[in-house]
Every structure is written in C-alpha cells, then in structure tokens.
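Visitor: This is the structure, below, for whatever I ask next.
Residue numbers (our numbering), protein chains in the order written: chain X, 39 to 363; chain Z, 116 to 495.
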C-alpha cells in the first residue's frame, strides 16, 4: 500500500513538474533548473587540493573563540538581578531586539578550551571585552588580520595558482597572498601578516608573521601582540570542506602556543561570489560623526555618543491593542 | 570597436633619465611559464606601466601614436625644471599648502607613446554629452561658490578659474546638489571631502600603480596599488553571470573569458558612489590582457558610458613584470587605518568656526582649504 502510494505520489509530482516546466517555458521562455557549482576537480593539475572558489566559516568564532553561553546583547548592562548571568541588553542594541544578541558556542579553542593568557594579558582582554564598542578594530572597518579574517561572517574567495594563493575577503576589501615561492618579507609590520606556504602532502601549511599587533581575534576582546606568529594548516575534508587549524605563538601575550580548529565550507549555491562589503564608508558616522558641523546623531557629548532609543509600538499590534483597553 | 592589437615591440628601451626612486627594470623570472598548469596563458606577476604618458594626446600631434626621441627628452626636461609644489611664493599659507612636493612623488620617464588614449584615433576622450556637461557645470559652480571669498579668487589664481571674488555666498551651508566625490572648500563632514581624503580613491579602472595578478583556474585576483595607501582588490570570475542589476559595487562585477590567448574582462554593476571621471553606475568596461613576452603584458580597456561620453574610448598600456622576489608591491592598503588626516581636518574646521564665532579668527569661507591655492585639487 505504502509502496503504491509512494509511487503514485512520485508520478504525480513528476507530472506536475513537467506541466510546471511547460508553463514556465511558455511564460518566461527561459525555463531554468537550479544548477550546481561549476565543474571542479578535487585536485589541481599539479596534484594539490583544489581550493579555488568561494569559502566561508559557519560558526560563532567571530563572536568569541572560546566556549561561551548565549548573551542577551552584543553589549550588556546589569538587569534586575545582580548576577553575571542575568544581564540585559544595553542601550546601543536594545532596539535590535533578538537580533542584537550573541549566540552561544562550544568554542574552537583546542585542548582545554581556554586561551592561555599571561595574567597581564588576561586583564587587557577583559578590559577589551568591557570596552568592545570603543576598542574593536572591526567596528572601525580596519583590516581584520589573520586568522580573524578567515572566520568572520563574510565569504572569501581563493584564487590558487602554482606559486601563489590569493584570498580576497568581503570584509573591508581585505586580502592576503600566500607565497608558495621565494619572496622577501614586507618592509614594515602589517595588519594581514606575511604568509609563506608549502604543501605537506594534502595539507597546505602556512606560516604567518610580520604582524603589527593592532588586530584582534574576535569580538570578545581576544587579542595578540606584534610578536604573534601563526602556523596554519588547510587540509581538505572533501572537495567542499577544508579543516582549518591555526597555532598561535606570542610570548608577549600567551604562556604557551595554542590552537583553534574549524571547518571552512565551500559556498555551493549557483553564482556564489564575494561582494565587497564597503564598510569604510559605513563606519564614518561611527568614527567621525562627532566632528560634523551639524551632527546627525544628536546626542554626542564631546567624544561620547549617548544613544537614545525611541521605540514605537506599531498600530495593529494585537497584544498591545488588548493591553491598551 | 576597432581593435588595433598590440603595439609593435622594439620601441626605444633605453631609459635616458631616471627621475624616480622606483627601480624600473623589468625582471625576468625563472620558472615563470608561458602557460599555467591548466593550460591558460600565464598572466601572473607584479606588473607596472614603467612610463609616464600623457593621458590625452596634444592636438598638434594629430593621429601620431609614437613620440620622437626628441619629444620624449623634452617632456623629461620640462618635468625636471617645473618647480611644481616646490615653488615658493612668499606667502606662508600657500607654501605650506604645497606639501607633497617632488620629494614625495615618484616620476617615471617619458614613454614612447603620445597618449594613453588610443581610440578615438586622435588620442582624446570623446566629448561629454549635454547632460554630463550640465552636471559638470553644476559641480564647478558649486566649488567656485564656496571659494568666492578666498584669496584664491581675489588673486584670480588658477583654483578660481571661471569664478569671481565676492562676499561669502548665502548658499554656502546648503547640501551639495550632487553626490560629492571631490574636495570642496567646506568641511562640514566626511561628505564634503574627496574620496581620497576618505581613503576611497582607488577607482576602477586604474592605470597608475602596480597590479599584482594571482591566477586561479576559475578566477583571477588583481590587487592594485593605486597610491596613498588606497589600493584595492578585484576578483575576475571566469564563469557565471553578473549579479542582479540592483547589486552595485565600488569596483563593479568583473566576468572574464579567454578569447584565444587574450583574457577579456567585462565589468558592469558599478556603484554611483565611486565615480571615474564622473562616470558612475552606467559605466561598462571591456578590458583585455595579453602576454607579449615573458616580461610584458599588453593591457587595453574600453570605457563606455553613454550618459557621460558621446562614444566609447580606449586606453592602452604595456605593463612590465616587476620582481616577485623583491615583492615591492604595497599590497596592504591601510590608508583608512592611519587616516588621522580626515578627523584632524574636521577638527580644524570646527576650531576655525569657533574662533570666527568668538571674534578670534577670519570667516572660514574666506580661507581656501581646498585647492592649495595653486589650483591643485585632489583629483580622482
């Protein structure tokens, strides 16, 4: 019975699909079926994993590399209760409602799951977190640095040749070049680091240095100094997923090297591309609004932005209409 | 469009005068194959137009594309004796405004060609459309309006060309009647500044600086160093279609294909906010890259915007390979991260206003803080 029914359902669906295709062709003249990504071999002609394409991390590492519970807001304040776990959203994000919070995560830090800060650095990290809006370079649209650019919630595109691997990031039009050939280092310290790669079997191993110490690792205030050195490992899990591991060494900030690991996923939808996120202009009001002749945000007091939030209950909201009676 | 590919080689290669701090020698790179591992022509490398070439051709040269050795030597000589911003006027404000003199700007030797524009055949950009002229007039009038009470107009300096000296205009506090991308003599907020002041000067197409090409089998990344730390990244996809019309991008959406050994790139979907010679969202580019030899790329771009120009026009360059080992391209544009200039400029404007209100300083609109008095503006 079930088998017959199932068969007839399939037939019905097929017939409906065929009819739909005919109608679609009649109406638009360009009936099209969803198409997969372009044909791509798992290996390049020179025998390495083929990383060409658009990629993106799919996790909460951009919020906080360490394991964390969900938070009520990107910035919080003390609520009714004095408990740390009972905070409520603070003014800058109140108007965003549930879209202004932070999802929880099991974290991506390997081993003990905690970043081994020196005591002094841990204090700076905690101050960073408490002053996130003022301190996080992301909010100013500064170059995100490595590894942060790899797991921000924006896609990036890899162009892979024999001698170079170029990554173009949607955020801030940032990029990095991984040199597989012999080059000299940059003449100055950098935001995005200097990347030199080699193949170890199927794994792309990249060392990164020449950092200027001005980038962060996430939105939780995790940071590093200019002494940071990275070893990244890109290993294919499948043609469409990369296991991405990074070991961070920075004796100025950490008591020992530590690692994060996560998958990076290929964006498989047809037409997947990296659209530039031109945040530089988007951040101008945030950075320079207090210097306008006529301020757009009315509550700058000196250099301090005072956020007033006006929220109107929309007409027709059934619950509030009932409450008003 | 007539395609006169590509200039004959063998033009004079001796650099008679080195005017630059840049090392302009093209470097052969061992192991740089003619083709990629997957068989496409190999365009990868760091590339630079090593010559200084006039953008448009002098009218007396007519249709002649190549310069004589004497003409090139004369161009080099003229540049060497031109004081530019080294000129001293006796007025401190004007001399300070002449920062970024020759010490800060590299110059390339005069090249063998008479213009970058090669089509139309007279080497000149086609005439503006009537609408584009009207828009240009509105912008010029606006900028002159803001300058009218300054020394620049009082002295009829080049920066006030076409304008008159007079009292500050009652329109001086209005919103500009166009989307501004150039510097003006007012600094009410970031929108009054040029894209360059805001670290957004990198505009496609760019002809000035280095290009680093990294070549994948289905996309090609091009990193531009367009000067002042304002370079940018482009990705040329070798498959797929342009995104929907409402998706507008600072550098447009680039789709490439191979026509024989020539990479042909079509770019559309430009944003109205980042203009190239006042061409915004209607801009369409058709670029061509082709290897001439291991150290030379031929580059050509045809620019179309029927709302700005009465016809398409084409630029041609020869790009020379630069040392990969020395890796001198400034591939991390970080103007924005170090842009103390923009907030300092806005702070200065607020202080000038306060001083004026308190009777301690001149009317800010009597000061030229846009053209450096000399008429030099921050061109995009």
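Quick reminder that beta carbons are idealized off the backbone N, C-alpha and C, glycines included.
For residue 153(Z), which residues in chain X fall below 7 Å Cβ to Cβ?
Guide: What you label residue 153(Z) is simply residue 38 of the second chain in a count that begins at 1. For the C-beta of residue 153(Z), the chain X residues within less than 7 Å are, from N- to C-terminus, 83.
Visitor: Tell me the rounded alpha-carbon separation between residue 335(Z) and residue 87(X).
Guide: Here residue 335(Z) corresponds to residue number 220 of the second chain, with the count starting at 1. Here residue 87(X) corresponds to residue number 49 of the first chain, with the count starting at 1. Going from the Cα of residue 335(Z) to the Cα of residue 87(X) covers about 18 Å.
Visitor: Looking at the unbroken beta strand (DSSP E) that takes in residue 257(Z), where does it start and where does it end?
Guide: For the purposes of this step, residue 257(Z) is taken as the residue at position 142 of the second chain. Here residue 257(Z) belongs to no beta strand (DSSP E); instead the alpha helix (DSSP H) covers 245-262.
Visitor: Verify the CB distance criterion: does residue 186(Z) have a CB-CB separation below 7 Å to chain X?
Guide: For the purposes of this step, residue 186(Z) is taken as the residue at position 71 of the second chain. By this cut-off, residue 186(Z) is not an interface position.
Visitor: Is the stretch 108-119 of chain X touching the stretch 290-300 of chain X, taking contact as three or more C-beta pairs under 8 Å?
Guide: no
Visitor: For residue 157(Z), which residues from the same chain have a beta carbon less than 8 Å from its beta carbon, with the 5 sequence-adjacent residues on both sides left out?
Guide: Numbered from its first residue, the second chain carries residue 157(Z) at position 42. Hits under 8 Å: 147, 148, 149, 150, 151, 330, 406.
Visitor: Does the beta carbon of residue 204(X) come closer than 7 Å to any beta carbon on chain Z?
Guide: Translated into positions along the first chain, residue 204(X) becomes position 166. It does: the Cβ of residue 204(X) has a partner Cβ on chain Z nearer than 7 Å.
Visitor: Since residue 170(X) and residue 259(X) should fall inside the 8 Å C-beta cutoff, what is the C-beta to C-beta distance between them, to a whole number of angstroms?
Guide: The residue you call residue 170(X) lines up with position 132 of the first chain. The residue you call residue 259(X) lines up with position 221 of the first chain. Confirmed, about 6 Å.
Visitor: Between the stretch 455-468 of chain Z and the stretch 269-286 of chain Z, are three or more C-beta pairs nearer than 8 Å?
Guide: no
Visitor: By Cβ distance below 8 Å, which residues in the same chain neighbour residue 93(X) in space, the five residues on each side in sequence not counted?
Guide: To locate residue 93(X), count along the first chain from 1; it is residue 55. If we look at residue 93(X) and ignore the five residues flanking it on each side, its Cβ neighbours are 193, 194, 195, 196, 280, 302, 303, 304, 305.
Visitor: Going by the CB atoms, is the gap between residue 172(X) and residue 257(X) shorter than 7 Å?
Guide: Reading the first chain from its first residue, position 219 is the one you call residue 257(X). Reading the first chain from its first residue, position 134 is the one you call residue 172(X). No, the Cβ-Cβ distance between residue 257(X) and residue 172(X) is not below 7 Å.
Visitor: Could you tell me which residues DSSP puts in a beta bridge with residue 352(Z)?
Guide: The sequence position of residue 352(Z) within the second chain is 237, counting from 1. The partner list for residue 352(Z) (beta bridge, DSSP) reads 334(Z), 370(Z).
Visitor: Assign residue 159(Z) to one of two classes, buried (16 or more other C-beta atoms within 10 Å of its C-beta) or exposed (fewer than that).
Guide: Here residue 159(Z) is taken as the residue at index 44 of the second chain, counted from 1. Looking at its Cβ environment, which holds 16 or more other Cβ atoms inside 10 Å, residue 159(Z) is buried.
Visitor: Report yes or no: is there a C-beta of chain C within less than 7 Å of the C-beta of residue 290(X)?
Guide: The displayed structure is made up of protein chains X and Z, and chain C is not among them.
Visitor: Is any beta-carbon of chain Z found at less than 7 Å from that of residue 180(X)?
Guide: The residue given as residue 180(X) occupies position 142 in the first chain. For residue 180(X), the answer is yes, since a Cβ of chain Z falls inside 7 Å of its Cβ.
Visitor: Grab the span of the beta strand (DSSP E) containing residue 435(Z) for me, first residue to last.
Guide: Numbered from its first residue, the second chain carries residue 435(Z) at position 320. Its beta strand (DSSP E) spans residues 428-437.
Visitor: Considering only their Cβ atoms, is the gap separating residue 302(Z) from residue 460(Z) smaller than 7 Å?
Guide: Here residue 460(Z) is taken as the residue at index 345 of the second chain, counted from 1. Here residue 302(Z) is taken as the residue at index 187 of the second chain, counted from 1. In this structure, residue 302(Z) lies closer than 7 Å to residue 460(Z) by Cβ.
Visitor: Helix, strand or coil for residue 149(Z)? Go by DSSP, reduced to three states.
Guide: On the second chain, position 34 is the one that residue 149(Z) refers to. Correct three-state label for residue 149(Z): coil.
Visitor: Among 317(X), 113(X), 120(X), 145(X), which one has its Cα closest to the Cα of residue 136(X)?
Guide: Position 98 of the first chain, counted from the start, is the residue given in the question as residue 136(X). The candidate whose alpha carbon is nearest that of residue 136(X) is 113(X).
Visitor: Less than 7 Å between CB atoms is the rule here; does residue 365(Z) satisfy it with respect to chain X?
Guide: Walking along the second chain from the start, residue 365(Z) turns up at place 250. It does; some Cβ of chain X falls within 7 Å.
Visitor: Using a 10 Å radius around the Cβ and a threshold of 16 neighbouring Cβ atoms, would you call residue 361(X) buried or exposed?
Guide: Here the question's residue 361(X) lines up with position 323 in the first chain. With fewer than 16 other Cβ atoms within 10 Å, it is exposed.
Visitor: Using a Cβ-Cβ cutoff of 8 Å, what residues of the stretch 469-480 of chain Z are near chain X? List them in chain order.
Guide: Within the stretch 469-480 of chain Z, no residue has a Cβ lying closer than 8 Å to any Cβ of chain X.
Visitor: Nearest to residue 166(Z) by CA position, among 366(Z), 174(Z), 227(Z), is which residue?
Guide: Taking the first residue of the second chain as position 1, residue 166(Z) is located at position 51. Among 366(Z), 174(Z), 227(Z), the Cα nearest to that of residue 166(Z) belongs to 227(Z).
Visitor: Counting along the chain, where does the alpha helix (DSSP H) carrying residue 198(X) start and finish?
Guide: Counting from 1 along the first chain, the entry for residue 198(X) is found at position 160. Premise fails: residue 198(X) lies in the beta strand (DSSP E), 194-198, not in any alpha helix (DSSP H).
Visitor: What separation, rounded to the nearest whole angstrom, lies between the Cα atoms of residue 358(X) and residue 349(X)?
Guide: By one-based count along the first chain, residue 358(X) stands at place 320. By one-based count along the first chain, residue 349(X) stands at place 311. Cα to Cα, residue 358(X) sits roughly 13 Å from residue 349(X).
Visitor: Can you find at least 3 beta carbon pairs, one from the stretch 216-234 of chain X and one from the stretch 146-153 of chain X, that sit closer than 8 Å?
Guide: No, because fewer than three Cβ pairs between the stretch 216-234 of chain X and the stretch 146-153 of chain X fall closer than 8 Å, the two stretches do not touch.
Visitor: Please report the Cβ distance between residue 497(Z) and residue 247(Z), rounded to the nearest whole angstrom; I am assuming they are in contact, meaning their Cβ atoms lie under 8 Å.
Guide: Past the boundaries of the shown model lies residue 497(Z); chain Z is included only from 116 to 495, so the question cannot be answered.
Visitor: Within the same chain, show all residues whose beta-carbon is closer than 6 Å to that of residue 445(Z), passing over the 5 residues directly before and after it, in chain order.
Guide: Taking the second chain and counting its residues from 1, one reaches residue 445(Z) at position 330. Taken in chain order, the residues that qualify are 340.
Visitor: Using beta carbons (cut-off 7 Å, strictly below), is residue 334(Z) in contact with chain X?
Guide: Here residue 334(Z) refers to the residue found at position 219 when the second chain is read from its first residue. Chain X, which has a Cβ nearer than 7 Å to the Cβ of residue 334(Z), makes this yes.
Visitor: Check each residue of the stretch 291-314 of chain X: if its Cβ is closer than 9 Å to any Cβ of chain Z, include it; give the result in chain order.
Guide: 308, 309, 310, 311, 312, 313, 314
Visitor: Which bits of chain Z does residue 329(X) rub up against, with CB to CB less than 7 Å?
Guide: Taking the first residue of the first chain as 1, we reach residue 329(X) at position 291. Contact note: residue 329(X) reaches chain Z through 458, 461, 462, 465, using a C-beta cutoff of 7 Å and chain order.
Visitor: Work out the CA separation of residue 342(Z) and residue 171(Z) for me, nearest whole Å.
Guide: Locating residue 171(Z) in the second chain gives position 56, where the first residue counts as 1. Locating residue 342(Z) in the second chain gives position 227, where the first residue counts as 1. Residue 171(Z) and residue 342(Z): Cα-Cα distance of roughly 21 Å.
Visitor: Shortest alpha-carbon distance to residue 142(X) belongs to which of 116(X), 79(X), 102(X), 199(X)?
Guide: In the first chain, the residue the question calls residue 142(X) occupies position 104. Ranking 116(X), 79(X), 102(X), 199(X) by Cα distance to residue 142(X) puts 102(X) first.
Visitor: State yes or no: is the beta carbon of residue 239(Z) nearer than 7 Å to at least one beta carbon in chain X?
Guide: Start at 1 with the first residue of the second chain, and residue 239(Z) comes out as number 124. Chain X, which has no Cβ nearer than 7 Å to the Cβ of residue 239(Z), makes this no.
Visitor: When the cut-off is 7 Å and only beta carbons count, does residue 299(Z) lie next to chain X?
Guide: The sequence position of residue 299(Z) within the second chain is 184, counting from 1. Not an interface residue.
Visitor: What do you reckon, are the CB atoms on residue 285(X) and residue 241(X) nearer than 7 Å?
Guide: Here the question's residue 285(X) lines up with position 247 in the first chain. Here the question's residue 241(X) lines up with position 203 in the first chain. Not a contact, by the Cβ cut-off of 7 Å.
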